[in-house]
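K.L.:
Please find one structure pasted underneath; my questions will follow.
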Amino acid sequence: MVHVWRRWHRQWHGSVLAALRSSRSRVDVLADRKQPALSRVYGWIIDRKRRREACHTQRIALPYVPVLSVGNVTFGATGKTPFVQFLIDYVLKQAKEGQVPLLLSRGYGDDEWRMLAKQFPSCQMALGADRVAVGAAKVKRLGGESAPLSCVVVDDGLQQWRLSKDLEIVMVDALHPLGNGLLLPFGSLRELPREALARADVVVVHHADLLDGEELKMLMNSLQTLLAPQRHSIVATSRMKVVEFIPAERMLSKEKCGSRIEATVETEALLSANNSILVVCGVGNPESVMKVVEKLAHWARVELKAFPDHHAFTLGDVDDILEWVRELQQNEKIVVVTTEKDIFRSPRAMRILADNVELRVLRCELELQHNRDKVKERINALLNLG
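The sequence shown begins at 0 in numbering that gives the first Met the number 0 and counts up by one.
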């Protein structure tokens, strides 16, 4: 009975995601879609909240410590966490000696902030729903005006209207730019796109490499019409670059993560063999993970089993995955692939899974493409890097 419930829940989750997303409609059409009654009520509440909070913005650090926000218009995966990783890494490499960034995050789910803490041990962190309160308290504990901060990075900051920000970066998923064009609860929009994108200084179209040239051009032109001309906003693109495709045992053993795909004999043999892949992940956009894996090698086939975003894998889930492997297995070898987030979120379940099948972890980094230099120039100007 429990097994049937788990399978039904995953199927329900997949159907809900499909209903909330639309990958082919033009962004300008979706932005003006008529909202159902409950969505209009939600929109009215959000608009009131935004107007009230925007009248009383607060700085959590001195003016010379810039606040950089990374957010999105829709809930779910848009590349927000990979861009935060990119931004922290860039700031650490560019900042003056002794200065570090402060990351403000809600801390929802243990996967993202734990992963960032391991990757950037020198980065200061403040976790909590009230970013203004936790950020100000952290700055005070670090020494107030003498805190050695290069900047403040706000994770999921677009709807943090109380927070005074110097750079508003908005992530848009190329595959599902504005979901189905509807506000919650009938869609994935957190606020109306024209109002949200009018505040953007930088818009990054993520997974741009998964669209053909004409589709991408149409999307970028449509987004440009939603931006405020006076902000001189930049529309950039990004993709996920695979840097490691490693055995799960290595990541679970807490070894230091590498910076590029491993050129071991074992990995080369795996990529060149006619293997089949089962992608298992609990992320917001599982379809994009599958597409990245598909481009990695010439596999016999690639299957996806998606779990809800931030899903904590259980021993029951491990049993289900092993059953799927047995169902898929014919003459070829089955390799199970998961993401770095899933490993950090569910180490016990993943360790048991790795003991029973070949489990590989896909480690990716965000790579800016179109308008990369313009985005970096905007960041450099705030960090006083000339």
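Beta carbons: idealized from backbone N, C-alpha and C, even for Gly.
Does DSSP put Lys33 in a helix, a strand or coil?
P.N.:
Taking the sequence shown and counting its residues from 1, the one referred to as residue 33 is at position 34. Reduced to three states, the DSSP call for Lys33 is coil.
K.L.:
Report the three-state DSSP secondary structure of Asp415 (helix, strand or coil).
P.N.:
The question about residue 415 has no answer, for the chain in this structure spans 0 to 385.
K.L.:
Nearest to Pro100 by alpha carbon, out of Leu115, Gln328 and Gln123?
P.N.:
Along the sequence shown, read from residue 1 onward, the residue named residue 100 stands at position 101. The residue among Leu115, Gln328 and Gln123 with its C-alpha nearest the C-alpha of Pro100 is Gln123.
K.L.:
According to the neighbour-count rule (16 or more other Cβ atoms, all chains shown, within 10 Å of its Cβ), is Lys216 buried or exposed?
P.N.:
Locating residue 216 in the sequence shown gives position 217, counting from the first residue. Counting Cβ neighbours within 10 Å, Lys216 comes out exposed, since fewer than 16 surround it.
K.L.:
For Gly257 and Ile168, what's the separation of their Cα atoms in angstroms?
P.N.:
Residue 257 sits at position 258 when you count from the first residue of the sequence shown. Residue 168 sits at position 169 when you count from the first residue of the sequence shown. Below a pLDDT of 50, predicted positions are generally treated as unreliable, and Gly257, at 45, falls in that range; the measurement from the model is reported next regardless. Computed Cα separation, rounded: 28 Å.
K.L.:
CB-CB under 6 Å to Lys137, same chain, minus the five flanking residues each way: which ones, in chain order?
P.N.:
Reading the sequence shown from its first residue, position 138 is the one you call residue 137. These residues qualify, in order along the chain: Ala125.
K.L.:
Starting from Asn383, trace the beta strand (DSSP E) in both directions and tell me its first and last residue.
P.N.:
Residue 383 sits at position 384 when you count from the first residue of the sequence shown. Careful: Asn383 lies outside any beta strand (DSSP E) and carries neither H nor E.
K.L.:
Please work out which residues of its chain come closer than 8 Å, Cβ to Cβ, to Leu226, disregarding the five sequence neighbours upstream and downstream, and give them in chain order.
P.N.:
Taking the first residue of the sequence shown as 1, we reach residue 226 at position 227. Excluding sequence neighbours, Leu226 sits near Leu196, Ala197, Ala199, Val202, Ser232 and Val234.
K.L.:
According to the Cβ coordinates, are Leu61 and Cys150 closer than 7 Å?
P.N.:
For this step, residue 61 is matched to residue 62 along the sequence shown. For this step, residue 150 is matched to residue 151 along the sequence shown. Their beta carbons are not under 7 Å apart, which means Leu61 does not touch Cys150 by this criterion.
K.L.:
Here's the rule: buried if 16 or more other CB atoms are within 10 angstroms of the residue's CB, otherwise exposed. What is Tyr207?
P.N.:
Translated into positions along the sequence shown, residue 207 becomes position 208. The question names Tyr, yet the displayed sequence has Ala at residue 207. Of the other Cβ atoms in all chains shown, 16 or more fall within 10 Å of the Cβ of Ala207; this residue is therefore buried.
K.L.:
Does the beta-carbon of Ile276 have 16 or more other beta-carbons within 10 angstroms, so that it is buried, or is it exposed?
P.N.:
Position 277 of the sequence shown, counted from the start, is the residue given in the question as residue 276. That one is buried.
K.L.:
Roughly how many angstroms separate the alpha carbons of Leu177 and Thr73, rounded to a whole number?
P.N.:
Translated into the one-based positions of the sequence shown, residue 177 becomes position 178. Translated into the one-based positions of the sequence shown, residue 73 becomes position 74. Using only the alpha carbons, I get a separation of about 7 Å.
K.L.:
With a threshold of 6 Å, establish whether the CB of Val69 neighbours any heavy atom of the ligand FAD.
P.N.:
Looking at this structure, you won't find the ligand FAD or any other ligand, since it has none at all.
K.L.:
On the criterion of 16 or more Cβ atoms from any shown chain inside 10 Å, does Ala76 qualify as buried, or is it exposed?
P.N.:
Numbered from 1 along the sequence shown, position 77 holds the residue referred to as residue 76. So Ala76 ends up on the buried side.
K.L.:
Our contact map puts Phe343 next to Asp110 with C-beta atoms below 8 Å; I'd like the distance itself, whole angstroms only.
P.N.:
As a first step, residue 343 must be located in the sequence shown, where it is residue number 344. As a first step, residue 110 must be located in the sequence shown, where it is residue number 111. Their Cβ separation, rounded to whole angstroms, is 5 Å, which keeps Phe343 and Asp110 in contact under 8 Å.
K.L.:
How far does the beta strand (DSSP E) with Gln118 in it reach, from first residue to last?
P.N.:
Stepping through the sequence shown from its first residue, residue 118 is reached at position 119. No beta strand (DSSP E) holds Gln118; the alpha helix (DSSP H) holding it covers Asp110 to Gln118.
K.L.:
If we cut at 7 Å on Cβ distances, does Val64 have a partner in chain C?
P.N.:
No chain C is present in this structure, which holds just one protein chain.
K.L.:
Is it a yes or a no for the region 300-312 touching the region 284-291, going by three-plus beta-carbon pairs under 8 Å?
P.N.:
yes
K.L.:
How long is the line joining the alpha carbons of Gly134 and Gln158, rounded to whole angstroms?
P.N.:
Within the sequence shown, residue 134 is the residue found at index 135, counting from 1. Within the sequence shown, residue 158 is the residue found at index 159, counting from 1. If you take the alpha carbons of Gly134 and Gln158, they lie about 16 Å apart.
K.L.:
Rounded to the nearest angstrom, what separates Phe119 and Leu86 at their Cα positions?
P.N.:
Here residue 119 refers to the residue found at position 120 when the sequence shown is read from its first residue. Here residue 86 refers to the residue found at position 87 when the sequence shown is read from its first residue. So the alpha carbons of these two residues sit roughly 11 Å apart.
K.L.:
To which residues of the same chain is Ala53 closer than 7 Å at the C-beta, ignoring the five residues directly before and after it?
P.N.:
In the sequence shown, the residue the question calls residue 53 occupies position 54. Excluding residues up to 5 positions away in sequence, Trp160 lie with their Cβ nearer than 7 Å to the Cβ of Ala53 in the same chain.
K.L.:
For Ser163, I'd like the list of residues in its chain whose CB is within less than 7 Å of its CB, leaving aside the five on either flank, ordered along the chain.
P.N.:
Here residue 163 corresponds to residue number 164 of the sequence shown, with the count starting at 1. For Ser163, where only same-chain residues beyond five positions count, the Cβ hits under 7 Å are Thr56, Gln57, Arg58 and Val66.
K.L.:
Do you know how far the Cα of Leu103 is from the Cα of Leu182?
P.N.:
Taking the sequence shown and counting its residues from 1, the one referred to as residue 182 is at position 183. Taking the sequence shown and counting its residues from 1, the one referred to as residue 103 is at position 104. Going from the Cα of Leu182 to the Cα of Leu103 covers about 26 Å.
K.L.:
Run through the DSSP bridge pairs and tell me what Asn71 is partnered with.
P.N.:
Along the sequence shown, one-based indexing puts residue 71 at 72. In DSSP, Asn71 forms a bridge with Met170.
K.L.:
For Leu218, count neighbouring C-beta atoms within 10 Å of its own C-beta (all shown protein chains included) and say buried if the count is 16 or more, exposed if not.
P.N.:
Here residue 218 refers to the residue found at position 219 of the sequence shown. Counting Cβ neighbours within 10 Å, Leu218 comes out buried, since at least 16 surround it.
K.L.:
Could you spell out the range, first to last residue, of the alpha helix (DSSP H) harbouring Ala227?
P.N.:
Along the sequence shown, one-based indexing puts residue 227 at 228. Looking at the DSSP string, Ala227 is not in any alpha helix (DSSP H), and its letter there is neither H nor E.
K.L.:
For Gln123, report the span of its beta strand (DSSP E) as first-last.
P.N.:
Position 124 of the sequence shown, counted from the first residue, corresponds to residue 123. That run of the beta strand (DSSP E) goes Gln123 to Leu126.
K.L.:
Rounded to the nearest angstrom, how far is the Cβ of Val324 from that of Val335, given a contact under 8 Å?
P.N.:
Stepping through the sequence shown from its first residue, residue 324 is reached at position 325. Stepping through the sequence shown from its first residue, residue 335 is reached at position 336. The pair is a contact, with the Cβ atoms about 7 Å apart (cut-off 8 Å).
K.L.:
So the candidates are Arg32, Arg350 and Glu357; which of them puts its Cα closest to the Cα of Leu188?
P.N.:
The residue labelled residue 188 in the question sits at position 189 within the sequence shown. Comparing alpha carbon positions, the residue from Arg32, Arg350 and Glu357 closest to Leu188 is Arg32.
K.L.:
Between the C-alpha atoms of Arg278 and Leu352, what's the straight-line distance to the nearest angstrom?
P.N.:
As a working mapping, residue 278 is identified with position 279 in the sequence shown. As a working mapping, residue 352 is identified with position 353 in the sequence shown. A quick correction: the sequence has Val, not Arg, at residue 278. For Val278 and Leu352, the distance between alpha carbons rounds to 13 Å.
K.L.:
Is Arg189 helix, strand or coil by DSSP?
P.N.:
If you number the sequence shown from 1, residue 189 lands on position 190. Coil.
K.L.:
Report the CB separation of Leu365 from Gln93 in whole angstroms; it is logged as a contact under 8 Å.
P.N.:
By 1-based counting over the sequence shown, the position of residue 365 is 366. By 1-based counting over the sequence shown, the position of residue 93 is 94. So it is not a contact: roughly 16 Å between Cβ atoms.
K.L.:
So which of Asp318, Gln329, Ala311 and Asp354 has the shortest CA-CA distance to Arg300?
P.N.:
Counted from its first residue, the sequence shown places residue 300 at position 301. Residue Gln329 is the option with its Cα nearest to Arg300.
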